[in-house]
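Protein chains in written order, with the numbering used here: chain A, 3 to 290; chain B, 274 to 853.
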């Protein structure tokens with residue numbers, strides 16, 4: 003059985019020292035080992051940005067796509083081979099700006115993949131512009147007088163889009179993050195995990211200390227019930243979205259693959275491609 | 274007796290114009306006539322003039338005709354818009370409900386048949402199209418029973434009573450016409466057809482069938498005119514083979530999802546038209562850079578922007594050849610008939626996998642939607658070739674220090690071994706960033722050059738069956754006619770007329786648009802005094818590509834049409850004479 007070390011390669015990440023993404027990388031490697039995966043049964047698909055490089059830093063099949071499109075690529079991989087575990091990942095710009103359309107539709111489509119967003123409320127790789135997760139008033143290179151656009155409440159948005167698994171975590175909390183990723187992988191459907199992963203270079207507001215001060219752990223809320231969508235929404239709104247833990251999970255709803263009419267139980271990539279001649283003749287006769 | 278005639282039915286969209294044409298054409302197709310139909314429609318569902326022009330012939334035909342023999346009108350607008358197309362002595366049959374009139378200066382015969390009234394008497398005005406079909410049969414002298422089989426199939430689910438009523442409507446339409454005309458009118462009786470069984474299908478049907486036969490098991494696509502039929506067919510058929518179709522949120526998702534699925538080993542396609550292809554351009558570059566096979570169908574329609582979404586045009590050529598930033602190897606194929614569209618769909622899948630590149634299967638609206646008789650297709654020509662894809666479950670250990678597989682190994686032919694996720698020892702990285710042989714990002718100059726050369730080298734040995742369809746009987750021709758996609762029919766029809774006027778005409782129809790078959794075209798051009806490039810666009814894109822690859826600018830002349838309508842044979846004949 004593989005250990006987390008089997009998911010490592012020798013490539014040194016190009017992230018800044020202290021970047022939150024290191025812990026996310028470690029958590030994915032640990033979670034993959036903990037749920038019993040082998041490196042060749044895992045595909046990590048990523049977008050563009052600092053965090054998008056993660057597919058190259060985990061020893062598994064990796065696909066580093068184009069900006070904002072990790073989700074459609076990842077869904078295509080999963081549809082082609084349902085035996086693979088597929089993790090999509092990227093930053094908040096990738097998933098909630100350029101790729102937001104795909105995020106909402108991946109949520110409602112509910113294909114069985116896990117989407118991990120490394121959310122630092124800023125554009126890092128392009129050297130410090132505002133993100134759709136930046137708070138109003140946040141000063142960046144592109145908003146020198148402070149952002150005037152509202153930040154997107156992605157967890158709330160996921161709930162209204164019909165999400166079946168919504169979780170949030172903080173990159174310093176490796177143990178909790180690992181267990182949430184395990185739960186996401188084990189979830190039968192689309193799981194969205196937003197990870198606050200501070201940018202130590204360009205975001206001097208939403209720092210490690212800031213998150214420690216503001217994040218509320220759902221474990222500390224009495225009688226919190228993650229199967230209760232209403233409670234999930236209310237708790238998010240009461241805490242301005244700054245909660246961590248599994249916010250909502252619907253364990254009943256079948257995944258897209260289980261609902262798709264006629265979709266092969268065997269990995270589609272292994273299905274015979276040849277069409278028997280009788281079948282071909284029948285298809286032709288339908289046009290006669 | 275005649276060997277071919279043209280029939281048109283028109284009215285408001287949503288009142289059964291399509292089904293009227295469909296039933297008429299299917300019945301005649303079953304008797305062995307060759308049918309060719311072209312719909313004039315607008316981007317709306319109800320209302321607005323629509324018509325379906327159908328050519329019936331005892332021999333193969335791939336073009337709409339210059340004139341019209343019979344016009345069926347469900348409203349006066351249909352007559353006003355189309356009556357001038359009628360030949361001298363042609364017939365108009367209009368619903369008496371709207372008191373049809375024809376211009377006095379035209380020599381056409383008008384018959385007002387109570388389509389709606391007869392249908393209503395039989396129970397529902399919806400059957401007015403069957404009454405019209407009946408009247409048509411009377412003109413053509415076809416027995417009403419010719420329609421029985423088709424009517425039975427269409428209405429079988431609704432019960433024997435409905436079939437009977439519809440047949441009665443056809444009979445009454447024929448009877449009433451005969452009463453009005455006082456018996457058979459001359460000049461409209463078709464010679465008997467050969468009775469052979471042929472398919473009656475649109476180009477999109479053939480492409481979709483080609484994909485099913487060629488092993489496509491997944492499709493991700495976004496609806497658009499005139500491409501949607503491909504998706505609709507696969508939605509119906511793929512579940513029989515374990516496959517499925519996802520209607521995505523946009524064309525960017527359609528294309529990138531298809532890339533993801535191809536990467537993971539399933540033959541996956543997407544289809545769209547110009548606006549969708551514009552959105553896919555970045556993803557095409559990803560396919561080229563990551564060497565993930567991909568087939569995209571572009572059914573050209575009127576551009577730019579939303580343009581003329583339901584009209585014929587061939588103006589995506591440059592975009593398909595050069596589209597995406599940077600430089601990638603890409604193949605652009607352009608079938609010229611429905612049969613070719615089928616075989617090319619299969620071949621596009623093979624080329625994409627063998628060369629690990631994006632392939633654009635280019636059609637145009639006339640080819641994609643024109644419904645016609647098609648000879649049965651040859652199963653033995655369907656072949657699945659997957660190139661260097663290694664189907665093993667487990668591969669030998671690699672010498673890479675991380676155990677990564679050399680997915681982008683620099684090889685002599687530029688094509689690297691390909692494995693799919695799930696294979697043991699096959700782990701590699703895929704990225705749109707420039708990368709080394711294992712797929713790890715690399716900006717090293719020497720590596721960049723090696724990988725770029727490797728990718729671009731792949732098409733040097735491209736083997737493509739019949740890149741140019743040649744009709745070259747003359748060693749010294751007055752004219753070489755050049756076209757691509759659906760203009761083949763109209764060119765083939767124009768040639769005998771030009772030859773009858775003493776001109777020697779050769780024909781080259783280009784099926785492989787990119788990489789351009791320069792050598793083949795050069796030899797054709799050398800044999801001609803004038804080269805006339807027939808294309809449905811305003812800037813002469815194919816002519817420009819020809820000049821770029823072959824030179825001889827002084828010989829190459831444009832024959833363009835970009836008003837949204839396909840060429841008529843007479844237009845090609847007339848303009849050719851003007852140009853030489």
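Note that CB positions come from ideal geometry on N, CA and C, so glycine has one too.
- By the C-beta criterion, the stretch 633 to 649 of chain B is judged not to be in contact with the stretch 766 to 774 of chain B, since fewer than 3 inter-stretch pairs fall below 8 Å.
- When Cβ-Cβ separations below 8 Å define contact, residue 545 (chain B) makes no contact with chain A.
- Residues of the stretch 76 to 91 of chain A whose Cβ lies closer than 7 Å to any Cβ of chain B, in chain order: 76, 77, 78, 79, 81, 82, 83, 85, 86.
- Per DSSP, residue 105 (chain A) lies in no beta strand (DSSP E); the unbroken alpha helix (DSSP H) holding it starts and ends at 102 to 111.
- Just measuring C-alpha positions, the residue of A:23, A:122, A:57, A:111 sitting nearest residue 526 (chain B) is A:111.
- Taking residue 814 (chain B) as reference, the option from B:460, B:373, B:355, B:587 with the minimal CA-CA separation is B:587.
- The beta carbon of residue 241 (chain A) sits closer than 7 Å to the beta carbons of 218 from its chain, once the five residues preceding and following it are set aside; these are given in chain order.
- Among the residues facing chain A, residue 474 (chain B) is included, as its CB has a counterpart in that chain under 8 Å away.
- For residue 177 (chain A), the nearest beta carbon of chain B is not closer than 8 Å to its own beta carbon.
- Beta-bridge annotation (DSSP): residue 497 (chain B) is not paired with any residue.
- With respect to residue 126 (chain A), residue 52 (chain A) sits close: the two C-beta atoms are nearer than 8 Å.
- In the three-state reduction of the DSSP assignment, residue 461 (chain B) falls in the coil class, being assigned neither a helical nor a strand state.
- Here residue 311 (chain B) is buried: its Cβ has 16 or more other Cβ atoms, across all protein chains shown, within 10 Å.
- About 6 Å separates the Cβ atoms of residue 68 (chain A) and residue 50 (chain A), confirming a contact at the 8 Å cut-off.
- At a cut-off of 8 Å between beta-carbon atoms, residue 286 (chain A) makes contact with chain B.
- Comparing C-alpha distances from residue 300 (chain B) to each of B:385, B:410, B:459 shows the shortest one belongs to B:410.
- Neighbours of residue 497 (chain B) in chain A, taken as residues whose beta carbon is under 8 Å from its own, are absent, since the nearest beta carbon is some 17 Å off.
- Contacts with chain A (Cβ-Cβ distance below 9 Å) from the stretch 527 to 559 of chain B involve 527, 528, 529, 530, 531, 532, 533, 534, 535, 536, 537, 538, 539, 540, 541, 555, 556, 558, 559, listed in chain order.
- Counting along the chain, no beta strand (DSSP E) covers residue 338 (chain B), and no H or E run does either.
- Residue-level contact by beta carbon fails for residue 373 (chain B) and chain A, as no gap is shorter than 8 Å.
- From the listed residues A:277, A:186, A:226, A:175, the smallest Cα separation to residue 87 (chain A) is found for A:186.
- Counting other Cβ atoms within 10 Å of its Cβ, residue 604 (chain B) reaches 16 or more and is therefore classed as buried.
- The beta carbon of residue 652 (chain B) falls within 8 Å of a beta carbon belonging to chain A, placing the residue at that interface.
- Contacts between residue 42 (chain A) and chain B, judged by CB atoms closer than 8 Å, involve 694, 695, 696, 697, 698, 699, 700 in chain order.
- For residue 122 (chain A), the nearest beta carbon of chain B is not closer than 8 Å to its own beta carbon.
- Taking every protein chain shown into account, the CB of residue 468 (chain B) has fewer than 16 other CB atoms within 10 angstroms, so this residue is exposed.
- Residue 618 (chain B) and residue 784 (chain B) do not touch by the CB rule: their CB atoms are close to 13 Å apart, not below 8 Å.
- Counting only runs that start and end inside the stretch 531 to 603 of chain B, the beta strand (DSSP E) elements of at least 3 residues fall at 541 to 545, 567 to 573.
- The beta carbon of residue 617 (chain B) sits no closer than 8 Å to any beta carbon of chain A.
- In this structure residue 502 (chain B) touches residue 477 (chain B) by the C-beta definition: roughly 4 Å separates them, less than 8 Å.
- Exclusion of the five residues before and after residue 294 (chain B) leaves 282, 310, 325, 327 as the residues of its chain whose Cβ lies within less than 7 Å of its Cβ.
- Contact note: residue 270 (chain A) reaches chain B through 490, 491, 515, 516, 539, using a C-beta cutoff of 7 Å and chain order.
- Counted as a single uninterrupted DSSP element, the stretch harbouring residue 17 (chain A) is not any alpha helix (DSSP H), since DSSP gives it neither H nor E.
- For the stretch 93 to 125 of chain A, residues whose beta-carbon sits nearer than 7 Å to a beta-carbon of chain B comprise 103, 104, 107.
- Interface criterion not met: the Cβ of residue 670 (chain B) is under 8 Å from no Cβ in chain A.
- DSSP places residue 606 (chain B) within a strand segment (E or B) once states are collapsed to three.
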